[in-house]
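> This is the structure, below, for whatever I ask next.
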Amino acid sequence: MRKDLCFALVGGDLRQSCLANLLAGEGYEVYALGFDDCVELTDEVCCTADLAGTLAKCDVAIFPLPLTVDGTAVNAPFAKEPPALKACLRALNKKALLLGGMASEDVCALAREYGFAVLDYYQREEMIVRNCVPTAEGALCIAMQETAKTIFGSKCLVTGFGRVSRAMTALLLACGAKVSVAARKQGDLAWIKLMGAEPVPMAKLKEAAASQEIIFNTVPVKLFNEEVLCALHKDCLLIDLASKPGGVDLDAARHLGIRVIWALSLPGKVAPISAAQIIKDTVFNILEERGA
0 MRKDLCFALV GGDLRQSCLA NLLAGEGYEV YALGFDDCVE LTDEVCCTAD LAGTLAKCDV
60 AIFPLPLTVD GTAVNAPFAK EPPALKACLR ALNKKALLLG GMASEDVCAL AREYGFAVLD
120 YYQREEMIVR NCVPTAEGAL CIAMQETAKT IFGSKCLVTG FGRVSRAMTA LLLACGAKVS
180 VAARKQGDLA WIKLMGAEPV PMAKLKEAAA SQEIIFNTVP VKLFNEEVLC ALHKDCLLID
240 LASKPGGVDL DAARHLGIRV IWALSLPGKV APISAAQIIK DTVFNILEER GA
């Protein structure tokens with residue numbers, strides 16, 4: 000891949016600042032926008048407020064994961080004033096590649112109005128699979144901090160059997176937990192048994208959940224409604240790893256006194272350097288495929 004590429008990283012959390020450091024460390028010209036209050040950037044990264052000038056000269060603009068929260072401004076928690084998405088698109092070099100994570104259809108449509116196609120790195124399989132590791136480790140860390148028992152021997156339930164669930168199940172089994180996994184498909188239930196966990200048909204979620212000490216939800220559907228929550232032991236810890244809208248009726252949980260932790264964006268919180276490396280590798284795969 001060309002070493003003369005100029006990168007602009009616009010907004011984001013610690014993953015983005017670590018990504019800027021990684022790129023600069025490999026000799027690339029790197030500019031960071033929207034990092035007014037971030038002290039994690041190395042001297043090799045040019046932290047700037049010149050949005051128009053920077054975006055006009057960059058070859059690759061990397062936006063955060065998620066790209067935006069409200070649909071109008073870039074997700075930039077370290078910025079005193081987050082950059083407006085339209086202002087970024089207006090200023091961006093017309094030949095530049097635009098990359099971002101979890102770009103909605105509305106954002107993609109807006110980008111097309113300005114002549115850009117959003118290359119969503121979070122839709123890449125290599126990104127999603129590798130991202131499961133810091134997610135699972137982060138969830139395990141929360142469980143260890145929020146309970147007074149070891150994970151070894153604890154009765155744990157994982158709901159769903161997608162990528163995150165598989166990583167979570169494997170990690171819990173390795174720690175010696177008594178793991179049950181709830182899934183809908185018969186094929187998934189067979190794989191769960193082969194992994195060494197106890198398969199639970201999703202139709203029996205309420206019964207299975209009643210005896211658990213820790214529950215890890217990965218399904219972004221309200222599986223844990225008031226009826227299911229009523230069955231939980233009062234000391235059960237429920238960690239929701241599902242993306243919005245989540246899988247737990249939070250109002251009902253609050254009313255019932257059930258402890259719920261909605262753990263979003265764990266990779267950026269617990270392992271930002273590893274998460275940044277995953278994004279960098281994925282971005283480089285995209286750039287190489289496009290002959291950059």
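Using numbering that gives the first Met the number 0, the first residue of the sequence shown is number 0, and each one after it goes up by one.
From the three backbone atoms N, C-alpha and C, an ideal C-beta is built for every residue, glycine too.
Please report how far the alpha carbon of E296 lies from the alpha carbon of L170, in whole angstroms.
Coverage of the chain is limited to positions 0 through 291, which leaves residue 296 absent and any answer about it impossible.
> Skipping 5 residues on each side, what residues in its chain have a beta carbon closer than 6 Å to that of N216?
As a working note, residue 216 is residue 217 in the sequence shown. Same-chain partners within the cutoff: T158, D239, A241, G246.
> Mapping the DSSP letters down to three states, classify R289 as helix, strand or coil.
Sequence index remark: in the sequence shown, residue 289 carries index 290 (1-based). Coil at R289, not helix or strand.
> Spatial neighbours of G267 within its chain, please: C-beta separation below 6 Å, excluding the five flanking residues on both sides.
Sequence index remark: in the sequence shown, residue 267 carries index 268 (1-based). Same-chain partners within the cutoff: D12, L13, R14, A274.
> Can you tell me which residues form a DSSP beta bridge with A75?
Taking the sequence shown and counting its residues from 1, one reaches residue 75 at position 76. DSSP output for A75 lists no bridge partner at all.
> Flag this pair as yes or no: are the beta carbons of L193 and I214 separated by less than 9 Å?
Locating residue 193 in the sequence shown gives position 194, where the first residue counts as 1. Locating residue 214 in the sequence shown gives position 215, where the first residue counts as 1. The answer is no: Cβ separation not under 9 Å.
> Would you mind reading off the limits of the alpha helix (DSSP H) that contains S16?
Residue mapping note: residue 16 aligns to position 17 of the sequence shown, counting from 1. That run of the alpha helix (DSSP H) goes 13 to 24.
> L97 to A60, Cα distance in whole Å?
Start at 1 with the first residue of the sequence shown, and residue 97 comes out as number 98. Start at 1 with the first residue of the sequence shown, and residue 60 comes out as number 61. If I take the Cα positions, the gap works out to 5 Å.
> Quick one: what's C5 bridged to in DSSP?
On the sequence shown, residue 5 is found 6 positions in, with the first residue counted as 1. According to DSSP, which records beta bridges pairwise, C5 is partnered with E28.
> If you run the structure through DSSP and keep just helix, strand and coil, what is T53?
Your numbering for residue 53 matches position 54 in the sequence shown. Note: T53 maps to helix in three-state DSSP.
> Just checking P63 against the ligand SAH - is the residue's beta carbon closer than 8 Å to any of the ligand's heavy atoms?
As presented, the structure is devoid of all ligands, the ligand SAH included, so that no description of it is given.
> Helix, strand or coil for I214 per DSSP?
The count along the sequence shown starts at 1 and reaches residue 214 at position 215. In the structure shown, I214 sits in a strand (DSSP, three-state: E or B).
> Suppose you measure from the CA of V178 to the CA of M143; what does that come to, to the nearest Å?
Position 179 of the sequence shown, counting from 1, holds the residue named residue 178. Position 144 of the sequence shown, counting from 1, holds the residue named residue 143. Rounded to the nearest angstrom, the two C-alpha atoms are 15 Å apart.
> Can you list, in chain order, the residues of its chain with a C-beta nearer than 6 Å to that of I278? Leave out the 5 residues immediately preceding and following it.
Taking the first residue of the sequence shown as 1, we reach residue 278 at position 279. Correct list, in chain order: L18.
> Identify whether I260 lies in helix, strand or coil by the three-state DSSP scheme.
Translated into positions along the sequence shown, residue 260 becomes position 261. Looking at I260 - three-state DSSP - the assignment turns out to be strand.
> By the 10 Å Cβ neighbour count, where 16 or more other Cβ atoms means buried, how is F6 classified, buried or exposed?
Along the sequence shown, read from residue 1 onward, the residue named residue 6 stands at position 7. Buried, by the Cβ-count rule.
> State the CB to CB distance for the pair G137 and Y120, rounded to an integer number of angstroms; the pair is presumed to be in contact (CB under 8 Å).
Taking the sequence shown and counting its residues from 1, one reaches residue 137 at position 138. Taking the sequence shown and counting its residues from 1, one reaches residue 120 at position 121. Rounded, the Cβ-Cβ distance is 20 Å, inconsistent with contact.
> Is the stretch 175 to 190 touching the stretch 199 to 215 in the sense that three or more CB pairs, one from each, lie closer than 8 Å?
Flag = yes, the stretch 199 to 215 and the stretch 175 to 190 touch.
> Which of helix, strand or coil does DSSP assign to C87?
Taking the sequence shown and counting its residues from 1, one reaches residue 87 at position 88. It is helical.
> Assign A108 to one of two classes, buried (16 or more other C-beta atoms within 10 Å of its C-beta) or exposed (fewer than that).
Within the sequence shown, residue 108 is the residue found at index 109, counting from 1. Exposed, by the Cβ-count rule.
> What first and last residue would you give for the beta strand (DSSP E) that runs through D239?
Start at 1 with the first residue of the sequence shown, and residue 239 comes out as number 240. Here the beta strand (DSSP E) through D239 covers 236 to 239.
> What residue from C37, W190, A86, D36 has the CA that sits closest to T53's CA?
Taking the sequence shown and counting its residues from 1, one reaches residue 53 at position 54. For T53, the nearest C-alpha among the options comes from A86.
> By Cβ distance below 6 Å, which residues in the same chain neighbour A78 in space, the five residues on each side in sequence not counted?
Within the sequence shown, the letter at position 79 stands for residue 78. Hits under 6 Å: G33, D35.
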